[in-house]
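Q: Numbering-wise, the sequence shown is residues 562 to 727 according to the working numbering.
Heads up, the beta-carbon is just placed ideally off N, CA and C, and yes, glycines get one too.
Okay, handing you the structure first.
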Amino acid sequence: MSIELQEHGHEKTAKRDGWLALVATFSALAMIVMLFAAGVAVRGGDDDGGGGAPVATESVDVTLGDLFVEPSSLTMPAGATLTLNVTNDGAMPHDLKVGGTDGTAMLDPGQSETITIGPFDASTEAWCTVPGHREAGMSMMITVEGEAGGDTDVAAGDSHGTDVEG
562 MSIELQEHGH EKTAKRDGWL ALVATFSALA MIVMLFAAGV AVRGGDDDGG
612 GGAPVATESV DVTLGDLFVE PSSLTMPAGA TLTLNVTNDG AMPHDLKVGG
662 TDGTAMLDPG QSETITIGPF DASTEAWCTV PGHREAGMSM MITVEGEAGG
712 DTDVAAGDSH GTDVEG
């Protein structure tokens with residue numbers, strides 16, 4: 562009988578240890594879930610890469626004509642993203658490229674395209690890439706207030722308070 566009691570004692574110890582392991586596992590999982598949920602709540606649920614106040618996207622209508630861009634300049638805050646609604650009102654194909662690279666496709670007369678560019682951290686220029694058109698004045702200056710550096714780099718963000726000059 563003493564052998565049975567020892568076996569029975571081992572079974573009780575094993576069952577108790579099994580329950581403790583199960584409770585500890587569920588407690589650890591619950592703690593991990595709560596920490597994750599708290600982290601998401603603190604961050605707001607998304608990773609916008611910023612830490613400051615959100616900046617709204619500004620939309621600007623841009624007209625391409627034969628050897629002009631209207632408006633000829635824009636002013637916006639650093640970190641802003643810009644949506645340009647570009648229409649070619651000229652008699653020949655034109656495009657509009659920010660920094661000569663990011664922008665519209667070549668637009669035939671009457672065609673339109675909407676592009677979103679930014680965020681902007683430095684002033685830059687947009688122009689028509691048809692040979693000779695930029696030199697003839699077919700460009701638009703994008704001035705960034707509070708810019709971080711002096712080059713003409715463009716990335717992605719939002720803008721509020723964009724000034725348009727025609």
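Determine the direct distance from the alpha carbon of F587 to that of I593, and round the result to whole angstroms.
A: 10 Å
Q: Going by other Cβ atoms of all chains shown within 10 Å of its Cβ, with 16 needed for buried, is T662 buried or exposed?
A: exposed
Q: So for S588, helix, strand or coil by DSSP?
A: helix
Q: Taking all protein chains shown into account, decide if M667 is buried (16 or more other Cβ within 10 angstroms of its Cβ) or exposed.
A: exposed
Q: Cβ atoms of L645 and V630: under 8 Å apart, would you say?
A: no
Q: In this structure, what does DSSP give as the bridge partners for V621?
A: As DSSP reads the structure, V621 sits in a beta bridge with L645.
Q: Starting from A697, trace the beta strand (DSSP E) in both directions and tell me its first and last residue.
A: Counting along the chain, A697 falls outside any beta strand (DSSP E), and DSSP gives it neither H nor E.
Q: Anyone know if the C-beta pair for G679 and L635 falls short of 8 Å?
A: no
Q: With DSSP as the reference, please indicate the residues paired to V734 in a beta bridge.
A: What the structure shows of the chain is the stretch from 562 to 727, and residue 734 is not part of that stretch, so it cannot be assessed.
Q: With DSSP as the reference, identify every bridge partner of F629, one or two as the case may be.
A: G626
Q: Out of T665, H655, Q672 and M637, which one is the CA nearest neighbour of T685?
A: M637
Q: Assuming the contact rule is C-beta atoms closer than 8 Å, F681 and A639 should be a hit. Round their C-beta distance to whole Å, please.
A: 7 Å
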